[in-house]
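Numbering (our numbering), first residue to last: 2 to 159.
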């Protein structure tokens, strides 16, 4: 599958690039932001995570997108299709930097990613793996029409 870029009113969703490493490190070393998306990571682990996201585009033909704020050109997070080996389902995952919180970017980007997963990838079920304490992410999922069907455990090391 060739590189995919999606656009919303305020966001560009594109495959990860090496230049995303710095802002991704900033996001994943912020304890509050990283709490529900894998926890605080050392830069070497962030690098491997970025490479895993990028590599999934090659191996599977899809992965999470880097989220770029159109008005500034800044990397503000990652979201999109996520299904590593052993995952409990076809997920649209999302994690945005602290500066992007509370602006409606998660719902805007996730909505576009859901459309992509359904229309292009042919997914007929979308899951979100959300910690029960992550009320902000639960609100985003609920706003987009998700409802709790079951509980599942993500495989280690997630």
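Ideal Cβ placement from N, Cα and C applies to all residues, glycine included.
Asked, Found
"Following the continuous beta strand (DSSP E) through residue 94, name the residue where it begins and the one where it ends.", "92-97"
"Quick check: the Cα distance between residue 78 and residue 149, rounded to an integer number of angstroms?", "25 Å"
"Can you name, in chain order, every residue of its own chain whose Cβ lies under 8 Å from the Cβ of residue 108, other than the five neighbours on each side?", "141, 144 and 145"
"With distance defined between alpha-carbon atoms, name the residue in 5, 12 and 7 nearest to residue 104.", "12"
"Helix, strand or coil for residue 50, going by three-state DSSP, please let me know.", "helix"
"Assuming residue 98 contacts residue 17 under a Cβ cut-off of 8 Å, what Cβ separation, rounded to an integer in Å, is found between them?", "Not confirmed; about 14 Å, so no contact."
"Rounded to whole angstroms, what's the CA-CA distance from residue 110 to residue 80? Just pull it up for me.", "7 Å"
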